[in-house]
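Novice: Before I ask anything, here is the structure I am working with.
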Amino acid sequence: MTTIATTPRYEDIAVGLELPVLTKQPREIDLFLFSAVTWDTHRTHWDIPYATEKENLPGGLVHGHLQGAYLGQLLTDWLGPEGRLVRLGYQNRAMAIQGDQLDCKARVTERREEDGRGLVVLQVWVEKPSGEVTTTGEATVELPKRDA
Amino acid sequence: MVEESHLTPELMACVGRTGPKRSIDVTERDIYRFSLSTGDKNPLWRDEEFAKDTPNGGIVAPPFFTTTVALEEEEIDELEESGIGSKMGLKMAAPAPGFIGAIATSREMEFGVPIRPGDTITVQEKIVDIYEKHGRLGPMIFIVSEFTYTNQRGEVAVRERSAIIRHR
């Protein structure tokens, strides 16, 4: 079991801070299991001959929502037990195919207090080693304050 | 050049349509299986001993868990050749003849109360927008839906707005 990080405090977060990168490389079995658990029966994700021959894809298509889930994991790994994900929005911009290395990244773009709560806004994205961004979005998280 | 529109009256009639209300009983095993499928080893979703001493007070579901609730189950022999089923939600059921492809394109989620084992989560889909664009896949039809996931006490767990592209 991975040990979880301690939750950062709101006051310690500076704009520009980059989160530790979460690297994923979904294989055929990752796509198959995510399809099964979400009942996503669409063959583009788990039937490789169908994906390549009928839909002219270079391989199994990584689910947009799986990339979203990876971004969620990137954030909740960092938030630890006391932080809270408030909002996450993203757009799938380019295809990711089985075997692609996907680096999930986030950078703090804003911090603000709202009704006494410490909110931090982050730009989030999924990037291939070539620099191509497959998914991009924005998240808002809530962090506890030092004196809380 | 004026592009031919693929937004038929039948398709546009889907805007405002709501799907069936569905309820799902959440188990610890469902949450565990979802965390396995995404390779998410965070003990907040898996380890009751660890989780009970956190502000959550026990295991909760990871943020994207509702992805397992979004699509309605269907008999395998009722699926299209592509594997797409008529119960994969209103976005997929919207009539777009010839547009055999479907790709998730965007999602916005707002998180409320956590989802816990033992919860009954109810969801209903509503189509809120349909529009067309031309791009690298040729004509693309965007279909946007809203989902609200509530628990057995009526508390909102997740509010979501998501879109797919149907393409040829």
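Protein chains in written order, with the numbering used here: chain A, 2 to 149; chain B, -18 to 149. Think of the CB as a built atom: it goes at the ideal place given N, C-alpha and C, for glycine as much as any other residue.
1. Just verifying my parser: in three-state terms, what is the DSSP assignment at Gly65 (chain A)?
2. Under the assumption that Leu76 (chain A) contacts Lys25 (chain A) (Cβ atoms under 8 Å), give the Cβ distance between them as a whole number of angstroms.
3. Tell me whether the stretch 135 to 149 of chain B and the stretch 74 to 94 of chain B touch, counting them as touching only if at least three CB pairs, one residue from each stretch, are closer than 8 Å.
4. Less than 7 Å between the beta carbons of Pro76 (chain B) and Glu9 (chain B), yes or no?
5. DSSP state of Ser143 (chain B), grouped into three classes?
6. For Arg140 (chain B), collect the residues of the same chain with a Cβ closer than 6 Å to its Cβ; drop the 5 residues on either side in sequence, then sort them by chain order.
7. Considering only their Cβ atoms, is the gap separating Thr48 (chain B) from Thr39 (chain A) smaller than 7 Å?
8. Could you check the C-alpha separation between Glu62 (chain B) and Glu56 (chain B) for me, to the nearest Å?
9. In its own chain, which residues sit with a C-beta less than 7 Å from the C-beta of Arg10 (chain A), not counting the 5 before and 5 after it?
10. Cβ closer than 7 Å: which chain B residues qualify as neighbours of Arg44 (chain A)?
11. Taking the continuous beta strand (DSSP E) assigned at Thr136 (chain A), which residues delimit it?
12. I'd like to confirm something about Asp58 (chain B): is its beta-carbon nearer than 6 Å to some heavy atom of the ligand ADP, or not?
13. For the stretch 82 to 90 of chain A against the stretch 33 to 51 of chain A, are there 3 or more C-beta pairs whose distance is under 8 Å?
14. Is Trp26 (chain B) near Ser16 (chain B), with beta carbons less than 7 Å apart?
15. Taking C-beta pairs closer than 8 Å, name the residues in chain B that Lys106 (chain A) reaches, listed in chain order.
16. Please decide whether Gly90 (chain A) counts as near chain B, where near means a Cβ-Cβ distance under 7 Å.
17. Name, going along the chain, the residues of the stretch 43 to 58 of chain B whose beta-carbon falls closer than 8 Å to a beta-carbon of chain A.
18. Apart from the five residues just before and just after Glu19 (chain A), which ones in its own chain have a Cβ nearer than 6 Å to its Cβ?
19. Is there a Cβ from chain B that is less than 7 Å from the Cβ of Thr7 (chain A)?
20. Tell me the DSSP secondary structure of Ile102 (chain B) in three-state form.
Specialist: Reading from the atomic positions:
1. To locate residue 65 (chain A), count along the first sequence from 1; it is residue 64. Looking at Gly65 (chain A) - three-state DSSP - the assignment turns out to be helix.
2. Within the first sequence, the letter at position 75 stands for residue 76 (chain A). Within the first sequence, the letter at position 24 stands for residue 25 (chain A). Incorrect: roughly 14 Å between the Cβ atoms, too far for contact.
3. yes
4. Reading the second sequence from its first residue, position 95 is the one you call residue 76 (chain B). Reading the second sequence from its first residue, position 28 is the one you call residue 9 (chain B). No, the Cβ-Cβ distance between Pro76 (chain B) and Glu9 (chain B) is not below 7 Å.
5. Numbered from 1 along the second sequence, position 162 holds the residue referred to as residue 143 (chain B). Ser143 (chain B): strand per DSSP, three-state reduction.
6. If you number the second sequence from 1, residue 140 (chain B) lands on position 159. Once the five neighbours on either side are set aside, the close Cβ partners of Arg140 (chain B) are Glu91, Thr129.
7. If you number the first sequence from 1, residue 39 (chain A) lands on position 38. If you number the second sequence from 1, residue 48 (chain B) lands on position 67. Their beta carbons are under 7 Å apart, which means Thr39 (chain A) touches Thr48 (chain B) by this criterion.
8. Working through the second sequence from its first residue, we reach residue 62 (chain B) at position 81. Working through the second sequence from its first residue, we reach residue 56 (chain B) at position 75. When rounded, the distance between both Cα atoms is 13 Å.
9. Position 9 of the first sequence, counted from the first residue, corresponds to residue 10 (chain A). If we look at Arg10 (chain A) and ignore the five residues flanking it on each side, its Cβ neighbours are Leu144, Pro145, Lys146, Arg147.
10. Residue 44 (chain A) sits at position 43 when you count from the first residue of the first sequence. The contacting residues are Ser63, Gly64.
11. Within the first sequence, numbered from 1, the residue matching residue 136 (chain A) stands at position 135. Where Thr136 (chain A) is concerned, the enclosing beta strand (DSSP E) stretches over 134 to 144.
12. With respect to the ligand ADP, the structure offers nothing, as it holds no ligand at all.
13. no
14. Within the second sequence, numbered from 1, the residue matching residue 26 (chain B) stands at position 45. Within the second sequence, numbered from 1, the residue matching residue 16 (chain B) stands at position 35. Against a cut-off of 7 Å, the Cβ pair of Ser16 (chain B) and Trp26 (chain B) comes out as a contact.
15. For the purposes of this step, residue 106 (chain A) is taken as the residue at position 105 of the first sequence. Result: empty, since nearest Cβ-Cβ is about 17 Å, beyond 8 Å.
16. The residue given as residue 90 (chain A) occupies position 89 in the first sequence. True, the Cβ-Cβ gap to chain B drops below 7 Å.
17. Pro43, Pro44, Phe45, Thr48, Thr49, Ala51, Leu52, Glu53, Glu54, Glu55, Ile57
18. Taking the first sequence and counting its residues from 1, one reaches residue 19 (chain A) at position 18. Contacts found: Arg108.
19. Looking up residue 7 (chain A) in the first sequence gives position 6. Chain B contact via Cβ: absent.
20. Counted from its first residue, the second sequence places residue 102 (chain B) at position 121. Ile102 (chain B): strand per DSSP, three-state reduction.
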